[in-house]
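Chemist: Numbering (our numbering), first residue to last: 1 to 113.
For reference, the structure I am asking about is given below.
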């Protein structure tokens with residue numbers, strides 16, 4: 001699969017990768033990246049094996065200033081990702097990465113050719 005991206009989409013991927021690296025298991029770090037077509041969309045997944053995000057707190061991570069207690073940033077990561085993806089008409093979802101960790105799924109409309 002070929003993906004064409006501009007600087008904004010590159011910023012989305014960089015941010016997701018940075019979050020995954022920062023929030024993985026320190027003893028056995030694991031980050032996985034994948035993409036697959038899904039009908040008229042492409043779904044990009046970035047997973048880590050860190051502590052995860054409780055389901056009850058997930059929506060709040062899309063707000064400016066919200067971050068994991070162990071973070072050393074300004075809490076703009078997933079807020080920025082969500083804002084940029086919405087500009088493309090896409091969606092962002094936080095899911096579990098069993099048995100441990102978090103997966104961020106970005107769904108964007110496919111553009112063929």
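Where a beta carbon is used, it is the ideal one built from N, C-alpha and C, also for glycine.
As the structure is a prediction and not an experimental result, all values here were calculated from the model.
What number of angstroms, rounded off, separates the C-alpha of residue 62 from the C-alpha of residue 51?
Modeler: Rounded to whole angstroms, residue 62 to residue 51 spans 18 Å at the Cα level.
Chemist: What ranges does the beta strand (DSSP E) occupy inside the stretch 37 to 99, keeping only unbroken runs of at least 3 residues that lie completely in it?
Modeler: 41 to 48 and 91 to 96, all fully within the stretch 37 to 99.
Chemist: From residue 78 to residue 60, what does the alpha carbon distance come to, in whole angstroms?
Modeler: Their Cα atoms are separated by approximately 10 Å.
Chemist: So which of 81, 24, 104 and 92 has the shortest CA-CA distance to residue 7?
Modeler: Comparing Cα positions, the closest option is 81.
Chemist: Are the beta-carbon atoms belonging to residue 47 and residue 32 less than 8 Å from one another?
Modeler: It is a contact, given that the beta carbons lie within the stated cut-off.
Chemist: Could you check how far apart the C-beta atoms of residue 12 and residue 84 are, in whole angstroms? I think they sit under 8 Å.
Modeler: That belief holds up - the Cβ atoms of residue 12 and residue 84 are roughly 5 Å apart, short of 8 Å.
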